[in-house]
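Numbering (the working numbering), first residue to last: 428 to 693.
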């Protein structure tokens, strides 16, 4: 092995270790539910309960609690999206090593990832605001963070299923499934360029997955079964050859599930 090959392998290992550490920290934060009324473990153990009485007044959020809810959503998105974006980060680093920025490939990859996660911060802000509005309206439980009635949940399932067949979903998924083309067409030099590329890629990823993430209101925002299931599905949808077909199969399954919930409640 040449000195260059050894250095490249070391850089890859360092980048992989950094991604693994970030994933571990974000997953632990999500599981522990830092600052929230219950941990994810407690909420998951009570997943069968649609609502429960508590001291919390629906929609009465302090600024500190609103910030915690935003962090909860953002860190949870970090944990859920890192497995599917990690190959893209490594691919970007490999591309940078072939440019004049080769000496700072690791830092550039970090900038790309920062831009990507910034896009998900925007989603987290919208999700937190939606949670507050739905909670204030009595649609989402203040304690369990899930829809308090089965009908809204069924409608969300149907809407999420239909979204899987829309042109927007198809365009965004196609983008996410072809990172090499994106990097070749939109490469920008320097750290600022890397952040912009990450933000660009992350915006497509949000467009692809935002309705799937909305399903957390059905199963419980901090329900670990739903978090792990959605994380695995997103990775399969983006990274496997059958991803496009899986997307449509899931869409049909979600619609059927929602219709079944409505009919079973009649």
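For glycine and all other residues, C-beta sits at the position ideal for the given N, C-alpha and C.
On a predicted model such as this, the values are computed, not experimentally measured, just so you know.
According to the neighbour-count rule (16 or more other Cβ atoms, all chains shown, within 10 Å of its Cβ), is residue i buried or exposed?
i           : result
residue 654 : buried
residue 687 : exposed
residue 469 : exposed
residue 522 : buried
residue 613 : exposed
residue 630 : buried
residue 509 : buried
residue 615 : exposed
residue 457 : buried
residue 667 : exposed
residue 471 : buried
residue 514 : exposed
residue 491 : exposed
residue 529 : exposed
residue 747 : Outside the modelled stretch of the chain, which goes from 428 to 693, sits residue 747, for which no answer is possible.
residue 532 : buried
residue 569 : buried
residue 639 : buried
With distances taken between CB atoms, is the gap from residue i to residue j smaller than 8 Å?
i           : j           : result
residue 453 : residue 460 : no
residue 664 : residue 673 : yes
residue 571 : residue 507 : no
residue 709 : residue 645 : Here the chain covers residues 428 to 693 and nothing more, so residue 709 does not appear.
residue 624 : residue 542 : yes
residue 562 : residue 462 : no
residue 553 : residue 641 : no
residue 449 : residue 505 : yes
residue 516 : residue 540 : yes
residue 595 : residue 634 : yes
residue 547 : residue 501 : yes
residue 618 : residue 518 : no
residue 538 : residue 621 : yes
residue 494 : residue 520 : no
To the nearest angstrom, how far is it from the Cα of residue i to the Cα of residue j?
i           : j           : result
residue 566 : residue 441 : 45 Å
residue 588 : residue 564 : 25 Å
residue 593 : residue 586 : 11 Å
residue 489 : residue 550 : 21 Å
residue 431 : residue 599 : Bear in mind that the predicted position of residue 431 carries a pLDDT of just 47, short of 50, making it unreliable; the figure below should be weighed with that in mind. For residue 431 and residue 599, the distance between alpha carbons rounds to 37 Å.
residue 609 : residue 574 : 38 Å
residue 671 : residue 590 : 13 Å
residue 636 : residue 662 : 11 Å
residue 534 : residue 555 : 30 Å
residue 643 : residue 527 : 43 Å
residue 678 : residue 659 : 16 Å
residue 604 : residue 443 : 21 Å
residue 525 : residue 611 : 12 Å
residue 439 : residue 689 : 50 Å
residue 451 : residue 675 : 31 Å
residue 627 : residue 511 : 16 Å
Which partner residues does residue i have in the DSSP bridge list?
i           : result
residue 574 : 567
Taking the alpha helix (DSSP H) that residue i falls in, what are its first and last residues?
i           : result
residue 672 : 670-691
residue 660 : 651-666
residue 641 : 617-641
residue 597 : 594-603
residue 489 : Per DSSP, residue 489 belongs to no alpha helix (DSSP H) and is neither H nor E.
residue 470 : 467-472
residue 529 : Element bounds for residue 529: n/a, residue is neither H nor E.
residue 397 : This structure cannot speak to residue 397, because the chain is shown only from 428 to 693.
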